[in-house]
Amino acid sequence: MSPAVARSFATLVFVGAVLASAARPAGQPAGSASAQPADSALQQAADSVLEARTSAVAAQLRCAVCQGLSIQDSPSELAQQMRTLMKEQLRAGKSENEVKAYFVSKYGEFILLEPRARGFNLVVYVLPVLLVVGGLGGIVLLVRRWTRAPEASR
Amino acid sequence: MNWRRALVAAAASAPLIALFAWGLTKDPREIPSPLPGKDAPAFALAVFAPGEPPLARAIGDTVRLAELRGQVVVLNFWASWCLACQDEHAALSETARHYADRPVRFLGVLYNDEPPAGTRWIAEMGGQNYPSVHDPGARTAIDYGLYGVPETFVLDAAGRVAYKHTGPVSARVLVRVVDSLLTVAARSGAPGAVPAPLKGGP
Chain D
1 MSPAVARSFA TLVFVGAVLA SAARPAGQPA GSASAQPADS ALQQAADSVL
51 EARTSAVAAQ LRCAVCQGLS IQDSPSELAQ QMRTLMKEQL RAGKSENEVK
101 AYFVSKYGEF ILLEPRARGF NLVVYVLPVL LVVGGLGGIV LLVRRWTRAP
151 EASR
Chain R
1001 MNWRRALVAA AASAPLIALF AWGLTKDPRE IPSPLPGKDA PAFALAVFAP
1051 GEPPLARAIG DTVRLAELRG QVVVLNFWAS WCLACQDEHA ALSETARHYA
1101 DRPVRFLGVL YNDEPPAGTR WIAEMGGQNY PSVHDPGART AIDYGLYGVP
1151 ETFVLDAAGR VAYKHTGPVS ARVLVRVVDS LLTVAARSGA PGAVPAPLKG
1201 GP
């Protein structure tokens, strides 16, 4: 999940939760519609936003134990503890990038599932494009040569 | 057979084969830590296994990294469920005793394990000379960028991470690293450093 998609997902969850919290007291029988349910619904909304933000960050970081999985997908104890820590840092007001920076400062860039597009890492992003373009160019040249040859020999 | 074509193919594939051959010499599980050279992350953890005198600390005591400033600190992350930790146990315990009268502190940090299980493990292993602390929620482990156990960090007298060892550590490696840090500390006159060695080499 890319950061942009994650952010719009978090916004969606937030809007949905707020709508749900606005709708629920109205649907309840008169008399019980005090401030209490609305407050707890707002709390739930905030919780689900925090949960979505945590999941978004956890999906971008590598589980240190299994290495092929993200922290979000890993059932390992360490990954779960890392996720708990992320949630606490987000709740304390850190931005998603600050949380990621914390883990990079401890584990190195290896912890990022998607390498940063700069320096030597650019090879990962540029080389495939170059190879596809070069391959397509080669095919075009070859096909031209193959299809032209019979005409020339005729 | 077209020799020219074969030669071109060989020349084209040689760099790729060389790259793969080089890759085979590397261990993909060995990931460089960004910590060495940086200030060691602070911690305040409670002792659950006291260790033996003269290195003992009372159970329940809080060990803070700040109070160990001026000493070389050997921080060993371990667990009772960790098989490789059994291999390094004797080396760590004996090296700690070897440095008992030097400004060197050994500390075990229990990782994802329950203190009673840790205490039982120490008894089964025939005791441990230095104390161990409990790390609830693996907060300190994550702060040190831990991938698994055992991992051993050696901190210099100024409180920086000097060395990280992944996997079971040997007495030879410990003595080499600790001795070099003691020499540096003595030369720079760091507080708490003993200028002249009290003992000979290992």
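Just so you know, the protein sequences line up as chains D and R, in that order. Everything in the first sequence is counted per the working numbering, starting at 1 for the first residue and increasing by one. Everything in the second sequence is counted per the working numbering, starting at 1001 for the first residue and increasing by one. Yeah, the Cβ is synthetic: ideal placement off N, Cα and C, and Gly gets one too.
Counted as a single uninterrupted DSSP element, the stretch harbouring R1105(R) is not any alpha helix (DSSP H) but the beta strand (DSSP E) occupying residues 1104–1110. A check of alpha carbon separations from L61(D) across Y107(D), V123(D), V126(D), S95(D) identifies Y107(D) as the nearest. Between the region 1084–1091 of chain R and the region 1052–1071 of chain R there are fewer than three inter-stretch CB-CB distances shorter than 8 Å, so the stretches are not counted as touching.
A Cβ of chain R is located within less than 8 Å of the beta carbon of G108(D). Interface annotation, N1002(R): not in contact with chain D, CB-CB separation never under 8 Å. The three-state reading of DSSP puts F1043(R) in coil, since its state is none of H, G, I, E or B. Residues of the region 1139–1170 of chain R with a Cβ closer than 9 Å to any Cβ of chain D, in chain order: R1139, A1141, I1142, D1143, Y1144, G1145, L1146, Y1147, G1148. Nearest to M82(D) by alpha-carbon distance, out of R145(D), D47(D), V65(D), A38(D), is V65(D). Excluding five sequence positions before and after A79(D), the CB atoms of its chain that fall closer than 7 Å to its own CB belong to C63, V65, I71, given in chain order. In terms of beta-carbon proximity, Q81(D) lines the interface with chain R, with at least one pair separated by less than 8 Å.
Neighbours of S1033(R) in chain D, taken as residues whose beta carbon is under 9 Å from its own, are K106, Y107, G108 in chain order. Closer than 8 Å to the CB of V65(D) there is at least one CB belonging to chain R.
For P1168(R), the CB contacts under 7 Å within the same chain, skipping 5 residues up- and downstream, are A1084, D1087, E1088, P1150 in chain order.
Cβ proximity to chain D below 8 Å picks out N1112 from the region 1105–1131 of chain R.
Using beta-carbon distances, G1137(R) counts as an interface residue toward chain D, with a partner under 8 Å. Contacts with chain R at 8 Å (Cβ-Cβ) include T84(D). For the 8 Å CB-CB criterion, A1046(R) and G1037(R) do not form a contact. In the structure shown, the three-state DSSP call for E114(D) is coil.
Here the region 1072–1084 of chain R does not lie against the region 129–145 of chain D, with fewer than 3 beta-carbon pairs under 8 Å apart. Separation of the CB atoms of F1043(R) and L1146(R) is rounded to 12 Å, and the pair is thereby denied contact status at 8 Å.
For L78(D), the closest Cβ of chain R is nearer than 8 Å. Cα atoms of N1112(R) and L1182(R): separation of roughly 32 Å, rounded to the nearest angstrom. Look at the beta carbons and you see the region 43–54 of chain D touching the region 87–98 of chain D: at least three pairs across the two are nearer than 8 Å.
Sequence-distant Cβ neighbours of T1119(R) in its own chain, meaning closer than 8 Å and more than five residues away, are F1048, A1049. Distance check between Y1099(R) and each of V1177(R), C1082(R), A1006(R) places V1177(R) closest, using alpha-carbon atoms only. Under the three-state reduction of DSSP output, Y1163(R) falls in the strand class.
Not a single unbroken stretch of the alpha helix (DSSP H) spanning 4 or more residues falls wholly within the region 1008–1060 of chain R. Cβ contact annotation for D1156(R) (same chain, cutoff 6 Å, sequence separation greater than five): A1162, L1181, in chain order.
Annotation: the continuous alpha helix (DSSP H) that includes V1178(R) extends over 1171–1188. With respect to the C-alpha of A1123(R), the residue from W1003(R), E1052(R), R1097(R) having the closest C-alpha is E1052(R). Counted as a single uninterrupted DSSP element, the alpha helix (DSSP H) harbouring W1121(R) occupies residues 1115–1124.
Judged by DSSP secondary structure, E1088(R) falls within the alpha helix (DSSP H) whose first and last residues are 1083–1098. Straight-line spacing of the CA atoms in E114(D) and Y125(D) works out to 10 Å. The C-beta distance from D1143(R) to L1110(R) rounds to 15 Å, too long to fall under 8 Å, and the pair is not in contact.
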